[in-house]
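Asker: To start, I am sharing the structure in question, which I have written as C-alpha cells.
Residue numbers (the numbering used here): 5 to 592.
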C-alpha cells in the first residue's frame, strides 16, 4: 500500500473499511506514497519498519491509557471537591473510580473525609456516565487485542479537557489551572532511523538462499559479520545447548554509522543458587576492617548535583559532580548549542514553532496537523538526514564516557581532584619559562616585605591498597523519570549501574543506605531544626542553617556527612542513631 501497489495476499488484507479510508487519504495526500523502485531486499526492510511502527503506536496507546484516564479523573474530582487534599483525590481516582469505570475491583478509601454519604453518592453518580461508555473489562490484553474499540473513549476524554480550554475566560479566576491535553496517537519523528536487517533482507543482499531454522540463520550471520569484534570467537558459543547465557536473535539494526546486534540473556526466574545476586549491606562490615582494608565513601545523589560524596571516616574531604558538569562531559550541551544555531540559520526553527498541536479530539484540527507535516516533510527529512547518525553515535559514546568518568572520580579522583593524574606539559613549560626569565633578570630580595603564601588544595590521598567502599544513598532510586521544572533528571540510575558494573570487576564495593532525615538533620548537633537560608544574592535550597548551634551547611555536604555518621555507628555495632530511624507504626 505504501508503494502504491495493490495488496494481493488475501490472508493479510485488512478490513474493507480501512482500505477505503486509505484510498481516500491517498487521493488527498499523494506524497505519502513511495514510488521509487526498490532494490532486492529493501522491501523486507520496509516491512520490518512498518511492523516496528505499528508496534510502537499500539504500545504507546496501551501504556498511556491508565495515565490519561487517571489524570482526567483527578482533574474532574478536584473540581467537584475543591477543598479535598490531593492525596485523597488520587486514592479515590485510582482505587475506586478507575476500577469502577474499567469494571475491575473497586475499593473505597478508608478515610474520615469520605464517610459522608452525600460524597459517596456524588462520586458514584460521577463514574456512571464514564462506565456506560465501556462495554468490556479493560485489561492490557483486551486493549492490545481490540485497540480500536477504546479510541472513541480516549477521544471523549480529550474532548472534555479541550472544552475546559474553550470555556475559559481571561477574567475567570479559578483555583485549578487549565488541564493538560494529551495526544491520542504518538507524534511521528523525522529523525534518522535505524533499519532492521533480518535474515530475509540479508539473504537478498548477499544473494544467498533463505536459510531455514535458527542454526542455519546463525551460520549465515556468522559468515557475513565478524563476531570476533563482539568477543565471540567460535559459533559454538552461540549455538543453543542448554547452558548458554547469551543467544543471538538473528537480527541486526543499523543507521549507516553504528550497528546494533540483538542478543538475548538468561534471567533469573526462581531462587536458584547459580543465578542469585548477593548485595552487601552496612551490617556486613566491621569498623576495624573498614579502617584497615577499605576507603569508605558516603555518596548523596540529588538533582542539581549527580552526587556529593564524603571521602574517609573523618568527614573532612568531599568530592562532587554537578549535573551541569555531567551533561558537559557527555557533549550534549555543545551539540544542542550548535544544532539550535543551525536550526535558526536554515529556517527549521520557525517551521517547528508553527506546527499545529496534535493534542485534539477534532478530526479537522488533526487533519490540519497532518497536512502541515506532509507539506514540510522534505525540509524536516533534509535537516535530520543521514549526517545526524554520526553525531548520535558520538553522543552515545559521550554518555558512556561521562558515567565512567564519574565512577573514576570516586575510585582515584581523576585529574579534577588528583593532581598526579594531570598532564604536566603546561607546568613544564612554565618552569622552563621561569628559568629563562631568572637568567635575564637580577632579583633583589626585600626582607621587609614578607612573601604571600599562595593557597594550595590538599593533595588527594589515593590508596592503592584499600578498596573503595561506596555507601550509596537510596533517596533518588526510581525518580529518574520524574521531571521537575528547571531540573534535569535521569543521571542517578546511570551512575548506580556503572558503579555496580565496576563492582563486578572487583574495583569497588557498593552498598545502599536509607536517607531518612539525612538532609534535615544537622551533622554537628544532630538536631532536626535546619531551615533554608533565603537571601537576595542567591536562590534555591542549597544553604541551610541550624537553629540550635547556628551552623551553616551546604545541604548535600551535610547529607553525605550524616550518611557517614550512620555508617560508622552501624559498623561499630551501635546501630542506626535514633534521630535517623523512621518511626514504625505498630498496629494491634
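Glycine included, C-beta positions come from ideal geometry on N, C-alpha and C.
Provide the residue span of the beta strand (DSSP E) that contains residue 313, from first to last.
Answerer: 309 to 315
Asker: What's the C-alpha gap between residue 130 and residue 97?
Answerer: 11 Å
Asker: Report yes if the CB atom of residue 189 is closer than 8 Å to the CB atom of residue 61, and no otherwise.
Answerer: yes
Asker: Give me, in chain order, the residues of the same chain whose beta-carbon lies closer than 6 Å to that of residue 307; leave out the 5 immediate sequence neighbours on both sides.
Answerer: 491
Asker: When you compare only the Cα positions, how much space is there between residue 23 and residue 152?
Answerer: 15 Å
Asker: Between residue 291 and chain C, is any beta-carbon pair separated by less than 8 Å?
Answerer: Absence of chain C from the displayed structure is noted, only one protein chain being present.
Asker: In whole angstroms, what separates the C-alpha of residue 187 from that of residue 477?
Answerer: Approximately 37 Å between the Cα atoms of the pair.
Asker: Buried or exposed, going by whether 16 or more other CB atoms sit within 10 Å of the CB of residue 280?
Answerer: Reliability fails at residue 280, whose pLDDT of 48 lies under 50, so the model's placement of it is uncertain and the value that follows must be treated cautiously. Counting Cβ neighbours within 10 Å, residue 280 comes out exposed, since fewer than 16 surround it.
Asker: Residue 471 and residue 414 - do their beta-carbons sit closer together than 8 Å?
Answerer: no
Asker: So residue 546 and residue 558 are supposed to be a Cβ contact under 8 Å. How far apart are they, rounded?
Answerer: 6 Å
Asker: Would you please state the rounded distance, in angstroms, between the beta carbons of residue 194 and residue 381? I believe it to be under 8 Å.
Answerer: 7 Å
Asker: Could you pull the DSSP bridge partners for residue 594 from this structure?
Answerer: No statement about residue 594 is possible, as the shown extent of the chain runs from 5 to 592 and does not include it.
Asker: Which runs of the alpha helix (DSSP H), 4 residues or longer, sit entirely within the segment 199 to 223?
Answerer: 203 to 209
Asker: Do you know how far the Cα of residue 83 is from the Cα of residue 337?
Answerer: 41 Å
Asker: Relative to the alpha-carbon of residue 317, which residue among 332, 435, 300, 469 has its alpha-carbon at the smallest distance?
Answerer: With distances taken between Cα atoms, residue 317 lies closest to 300.
Asker: Does the segment 131 to 145 touch the segment 49 to 60, meaning 3 or more C-beta pairs lie closer than 8 Å?
Answerer: no
Asker: Quick one: what does DSSP say residue 257 is sitting in, helix, strand or coil?
Answerer: strand
Asker: By a C-beta neighbour count over all protein chains shown, 10 Å radius and 16 as the cutoff for buried, is residue 604 buried or exposed?
Answerer: Residue 604 cannot be examined here, being either before or after the span of the chain that is shown, 5 to 592.
Asker: Between which two residues does the beta strand (DSSP E) containing residue 557 stretch?
Answerer: 556 to 558
Asker: In terms of DSSP beta bridges, what is residue 252 paired with?
Answerer: 267
Asker: Just verifying my parser: in three-state terms, what is the DSSP assignment at residue 501?
Answerer: helix
Asker: Helix or strand or just coil, what does DSSP make of residue 491?
Answerer: Residue 491 falls in the strand class under three-state DSSP.
Asker: Pull up the DSSP beta-bridge partners for residue 477, would you.
Answerer: 517
Asker: Verify whether the separation of the beta carbon atoms of residue 576 and residue 286 is less than 8 Å.
Answerer: no
Asker: Who are the near neighbours of residue 92 in its chain, counting only those whose CB is closer than 8 Å to its CB and skipping five residues on each side?
Answerer: 113, 115, 117, 118
Asker: Of all the options 436, 524, 209, 132, which has the alpha carbon lying nearest to the alpha carbon of residue 595?
Answerer: Absent from the model: residue 595. The displayed extent of the chain is 5 to 592, so no value can be given.
Asker: Go ahead and label residue 203 buried or exposed: buried means 16 or more other beta carbons lie within 10 angstroms of its beta carbon, across all protein chains shown.
Answerer: buried
Asker: Taking 7 Å as the cut-off, is the CB of residue 113 close to at least one heavy atom of the ligand NAP?
Answerer: Summarising the ligand content, the structure contains no ligands, and the ligand NAP is consequently not present.
Asker: What residue range is occupied by the uninterrupted beta strand (DSSP E) comprising residue 534?
Answerer: 534 to 536
Asker: Out of 212, 328, 259, 269, which has the shortest C-alpha to C-alpha gap to residue 246?
Answerer: 269
Asker: For the segment 360 to 372 against the segment 331 to 347, do three or more pairs of beta-carbon atoms, one drawn from each stretch, fall closer than 8 Å, so that the two count as touching?
Answerer: Under the Cβ criterion (8 Å, minimum of three pairs), the segment 360 to 372 does not count as touching the segment 331 to 347.
Asker: CA-CA distance, residue 35 and residue 378?
Answerer: 7 Å
Asker: Report the three-state DSSP secondary structure of residue 243 (helix, strand or coil).
Answerer: coil
Asker: Using 10 angstroms around the beta-carbon of residue 592, count the other beta-carbons present and answer buried if the total reaches 16, otherwise exposed.
Answerer: Reliability fails at residue 592, whose pLDDT of 45 lies under 50, so the model's placement of it is uncertain and the value that follows must be treated cautiously. That one is exposed.
Asker: With H, G and I counted as helix, E and B as strand and the rest as coil, what does DSSP make of residue 326?
Answerer: strand
Asker: May I ask you to list the residues that DSSP assigns as paired with residue 66?
Answerer: Partner(s): none; residue 66 has no beta bridge.
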